[in-house]
Amino acid sequence: MILHAYLAAWLLLTGASVGGIAWQAIHRLTGGAWGDDLTSRWKRLCSLLPLAALAAVPLLLDGHHLFPWIDEPVEEARLWYFSHAFLVWRTVGCFLAWSLAWWLIPRAAAASLIVWLFTCGIFATDWIVSLTPEWRSSAMGLVVAVGQLSLGLAVPLLMRMPLGSPAAQERTRRDQSSLLFAICLGWLYLVGIDYLTAWMADLPYETAWYLPRTEGLPATLALAAITAQGIVPFVLLLTQRAKAMPRVLRAAAASVVLGQACHVAWMVMP
């Protein structure tokens with residue numbers, strides 16, 4: 000349980016850092032005052048990437064307590080992927096790819112986003128899906144990507160409010176609130192449709208992951224995640240007037256961070 004809690008904290012740290020890279024690339028492509036004030040904060044988040052890489056070492060060294068497939072036989076067709084050594088190399092590759100994506104931002108922001116999106120699926124498969132080897136999920140890469148975007152936007156919004164004239168601040172807050180609102184709706188849609196698909200199909204390799212997470216503490220975490228990342232930001236940021244209020248934006252951002260923490264814990268806790 001302690002190792003799984005450490006894994007959840009590590010995923011949050013990594014997600015916030017990588018989310019900062021993704022948002023920098025997006026802002027580089029689109030421009031806009033909404034991101035000018037956040038750029039320095041995104042760079043601070045990105046500077047945590049080496050720390051996240053270092054924090055992965057205990058997880059890789061103690062992988063036998065996390066991944067059941069290390070000590071148990073798996074299907075021969077999947078044996079090439081379910082290898083501890085290959086997991087280490089894939090994780091190292093992800094961090095190198097994210098470093099490359101960070102370096103590419105001022106040079107080729109579109110390529111930076113492509114690199115980030117490509118690694119999300121690999122990272123999600125290794126550190127979330129493979130915790131339950133019999134489970135299959137084609138949506139988890141997108142869920143992780145949207146989670147990283149949520150953290151990459153919400154955490155900087157908690158640091159400091161926009162600078163400039165009152166009118167400029169109000170416009171910037173509205174734009175930032177609208178982006179946070181859209182990200183929360185996107186996350187809610189993805190997790191909802193993934194669960195609905197699994198429920199309708201009722202296939203063993205999907206229910207094996209969902210059923211243990213629908214009762215007890217996991218069910219409480221799921222409800223908290225949906226409330227904090229889906230319902231609360233939706234209610235708080237529903238009107239244009241509310242979107243322009245700094246306290247409301249901060250409250251919504253804090254709720255998103257809490258929701259992501261609950262969701263990550265729900266996904267990885269045994």
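So for the sequence shown, my numbering puts the first residue at 0; every next one is plus one. Ideal Cβ placement from N, Cα and C applies to all residues, glycine included.
Taking the alpha-carbon positions, what's the residue i to residue j distance?
i                : j                 : result
tryptophan 41    : leucine 257       : 19 Å
leucine 187      : isoleucine 230    : 9 Å
leucine 2        : histidine 64      : 8 Å
serine 39        : histidine 83      : 37 Å
leucine 60       : alanine 8         : 17 Å
proline 155      : proline 67        : 36 Å
leucine 237      : phenylalanine 81  : 45 Å
leucine 47       : valine 247        : 27 Å
cysteine 45      : leucine 11        : 13 Å
phenylalanine 94 : tryptophan 115    : 10 Å
glycine 18       : alanine 32        : 19 Å
leucine 195      : leucine 189       : 10 Å
isoleucine 69    : phenylalanine 180 : 40 Å
aspartate 201    : tryptophan 265    : 20 Å
tyrosine 99      : proline 49        : The question names tyrosine, yet the displayed sequence has leucine at residue 99. Leucine 99 and proline 49: Cα-Cα distance of roughly 13 Å.
arginine 135     : isoleucine 127    : 11 Å
arginine 106     : glycine 34        : 18 Å
arginine 212     : leucine 222       : 11 Å
valine 143       : glycine 191       : 14 Å
histidine 26     : isoleucine 20     : 10 Å
aspartate 174    : tryptophan 101    : 24 Å
threonine 13     : proline 245       : 27 Å
glycine 92       : methionine 158    : 31 Å
Please list, in chain order, all residues of the same chain as residue i whose beta carbon is under 7 Å from its beta carbon, the five residues on each side excluded.
i           : result
alanine 197 : Glu205, Thr206, Tyr209
serine 177  : Lys242
lysine 89   : For the sequence presented, residue 89 should be read as arginine rather than lysine. So the list reads Ile121, Asp125, once near-sequence residues are dropped.
alanine 55  : Trp9, Thr90
alanine 260 : Leu11
alanine 224 : Gly258, Cys261, His262, Trp265
alanine 250 : Leu235
Mapping the DSSP letters down to three states, classify residue i as helix, strand or coil.
i                : result
glycine 120      : helix
proline 269      : coil
glycine 19       : helix
isoleucine 272   : This structure does not reach residue 272, given that the chain is present from 0 up to 269, and the question cannot be answered.
glutamate 214    : coil
proline 232      : helix
phenylalanine 85 : helix
tyrosine 80      : coil
leucine 202      : coil
alanine 241      : helix
serine 136       : coil
arginine 246     : helix
isoleucine 104   : coil
glycine 258      : helix
glycine 31       : coil
Might you give, ordered along the chain, the residues of its own chain that have their beta carbon closer than 8 Å to the beta carbon of residue i, omitting 5 neighbours on each side?
i              : result
proline 203    : Glu133
serine 254     : Ala227, Gln228, Val231, Pro232, Leu235
methionine 268 : Met0, His3, Ala4, Ala7, Leu216, Pro217, Leu220
serine 15      : In the sequence under discussion, the amino acid at residue 15 is alanine, which differs from the serine named in the question. Leu44, Leu47, Gln147, Leu150, Gly151, Val154, listed in sequence order.
leucine 28     : Ala108, Ala109, Leu112
valine 145     : Ile182, Gly185, Trp186, Leu189
Quick one: what's got a C-beta closer than 6 Å to residue i's C-beta in the same chain, skipping five residues either side?
i             : result
glycine 140   : Cys119, Gly120, Ala123
alanine 271   : The displayed coordinates of the chain run from 0 to 269. Any statement about residue 271 would go beyond what the structure contains.
alanine 24    : Ile104, Ala108, Ser111, Leu112
aspartate 193 : Ala138
alanine 51    : Leu12, Thr13, Ser16
Taking 9 Å as the CB-CB cut-off, is residue i touching chain C?
i          : result
alanine 52 : The structure shown contains no chain C; it holds only a single protein chain.
Could you tell me which whole alpha helix (DSSP H) segments of length 4 or greater appear in the segment 138-200? 139-158, 165-200
Where are the alpha helix (DSSP H) runs, 4 residues long or more, that stay fully inside the segment 34-75, in chain order? 38-45, 48-60
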